[in-house]
Amino acid sequence: MAPGTNRAAIEADIDILAHPGLITVEEAARARERGVFLELSARKGHCLANGHVARTALEVGASLLVNTDAHGPSDLITRHQAERIARGAGLRDPAVQTLFAEAEALARRLAEL
């Protein structure tokens, strides 16, 4: 990813930064300030940085969510699978429960638009 890509996306009017990759602490902190969620990806290949994303987000208090990056029906996952992805990224309770609560709140907010 080109340097500055995450920062430019965070500064735009977005709710979720998909594929944040090797996001910096500064970028994650800015995401927290702007209310931008950082994605833990269920997609093969994109998930390789999930542990880094989770650690960095936890360090600065940024919000996380699990996303499928679905390209077709077979890419969809269950909540149980999403929990396994979050735990595989290094999250433990209560962080896993917080992830789902915040993602559900985001979904409710977006449904009201």
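Here the sequence shown is numbered in my numbering, starting from 620 and rising by one per residue.
Every residue, glycine too, gets a C-beta built ideally from N, C-alpha and C.
All values reported here derive from a predicted model rather than from experimental measurement.
query                                                                                                        : result
Of the listed residues Arg626, His671 and Thr687, nearest to Glu652 (C-alpha basis)                          : Arg626
Ranges of the alpha helix (DSSP H) found wholly within the segment 659–684, counting only runs of at least 4 : 669–679
Sequence-distant residues of its chain with Cβ nearer than 7 Å to Val715 (five each side left out)           : Glu702, Ala705 and Arg706
Closest by C-alpha distance to Arg698, when choosing among Ala631, Pro639 and Leu718                         : Leu718
Cα-Cα separation between Asn686 and His638, rounded to whole angstroms                                       : 10 Å
Leu657, DSSP secondary structure in three states                                                             : strand
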